[in-house]
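Working notes for the structure below.
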Amino acid sequence: MKDLAFLTSPDMSKAEVVTNHVVIAEYAGLNKISVRKLIDNNKQDLEELGILSFEMTKPIKGSTGGRPTKIYQLNRNQAMLLITWLDNTEPVRAFKLALVKRFNEMEKELQARKIARAVEKPKGVNLHQSISEWVHYPRHGNTWHTIIRSLLATTVTGLTKKQIQARDTDWRKEKTLLDLLNSEEMERYKMLESIAIAMIEAGSDYEPIKTAIKSKMTTKKAVTDPHQNDF
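Take the working numbering: the final residue in the sequence shown is number 216, and no numbers are missing along the way.
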């Protein structure tokens, strides 16, 4: 059921994952005009969950109908709300499950494409700038700089923040976590930093960034461990 949800634009910076009322009607075994009227009658509720967009399609050449057709496009939340207004029949339940799965797949694909595009950009943006311009920056403000840098440093060393700070034997000079990394750890740090920048530029939230950073380091250790096949 790959046609259940789709991207609104080939431009990844503008694209959204949506479905439309014709798809919902077809797979839920309903009349598409009835579904469209249901949307018309509940526009206000649906618009609270995002812009209720639509496209006008021209009649197929040679068909008897002469009027353009309005097709509503619905984001995930709008589609789920609309489905709650339908009778809870077997086809509707099966369709809802399939639609949720397809939205998940498409949203992951969209995120992956955004990250891939961000990685391709010229290396002119540093971590500090990326965090400062991050869409999630207002949630924690300047604290994000400490959070992200601590994540990178603790991941490359395998130590806690306190354990890294304990490496500092010169109490007369205040040092950052970066100052306390050795050359090998710094190389790993730079690799993970580029991933963090790409994901921040793509609009990822913190948890997906954390997961990607941790899994990248785990994968690298597994590949480079010379004793991995000793057992």
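Glycine included, every Cβ here is placed at the ideal spot set by N, Cα and C. This structure is a prediction, so every number in the text was calculated from the model and none was measured.
Integer-rounded CB distance, given that residue j should sit under 8 Å from residue i
{"i": "Leu66", "j": "Asp30", "result": "7 Å"}
{"i": "Ile244", "j": "Leu137", "result": "Nothing about residue 244 can be read from this structure; the chain reaches only from -14 to 216."}
{"i": "Ala0", "j": "Leu(-8)", "result": "4 Å"}
{"i": "Ile185", "j": "Ser115", "result": "4 Å"}
{"i": "Ser(-6)", "j": "Gln96", "result": "Contact doesn't hold; Cβ gap of about 15 Å is too wide."}
{"i": "Leu162", "j": "Lys146", "result": "7 Å"}
{"i": "Phe39", "j": "Lys55", "result": "5 Å"}
Option in the options with minimal Cα separation from residue i
{"i": "Glu94", "options": "Tyr191, Lys201, Ala187, Met202", "result": "Ala187"}
{"i": "Pro53", "options": "Leu37, Lys(-1), Leu166, Met41", "result": "Met41"}
{"i": "Thr69", "options": "Lys146, Val120, Val20", "result": "Val20"}
{"i": "Gln63", "options": "Leu37, Lys195, His130, Lys55", "result": "Leu37"}
{"i": "Trp119", "options": "Gln58, Leu34, Leu166, Ile194", "result": "Ile194"}
{"i": "Val85", "options": "Leu59, Asp72, Lys99, Ile100", "result": "Leu59"}
One or two residues paired with residue i in a DSSP bridge
{"i": "Gln96", "result": "Answer is none; Gln96 lacks a bridge partner."}
{"i": "Met41", "result": "Lys55"}
{"i": "Leu(-8)", "result": "Val2"}
Segment limits, alpha helix (DSSP H) that includes residue i
{"i": "Val8", "result": "6 to 13"}
{"i": "Gly183", "result": "Per the sequence presented here, residue 183 reads as Ala, with Gly not at that position. That run of the alpha helix (DSSP H) goes 168 to 186."}
{"i": "Thr74", "result": "First-last for Thr74: undefined, no H or E at that position."}
{"i": "Asp25", "result": "17 to 26"}
{"i": "Ala138", "result": "128 to 142"}
With three or more C-beta pairs closer than 8 Å as the rule, is the segment 72 to 90 touching the segment 10 to 20? Cβ pair count under 8 Å is three or more, so yes.
Closer than 8 Å is the cut-off here; do at least three beta carbon pairs connect the segment 135 to 147 with the segment 167 to 180? The segment 135 to 147 is in contact with the segment 167 to 180.
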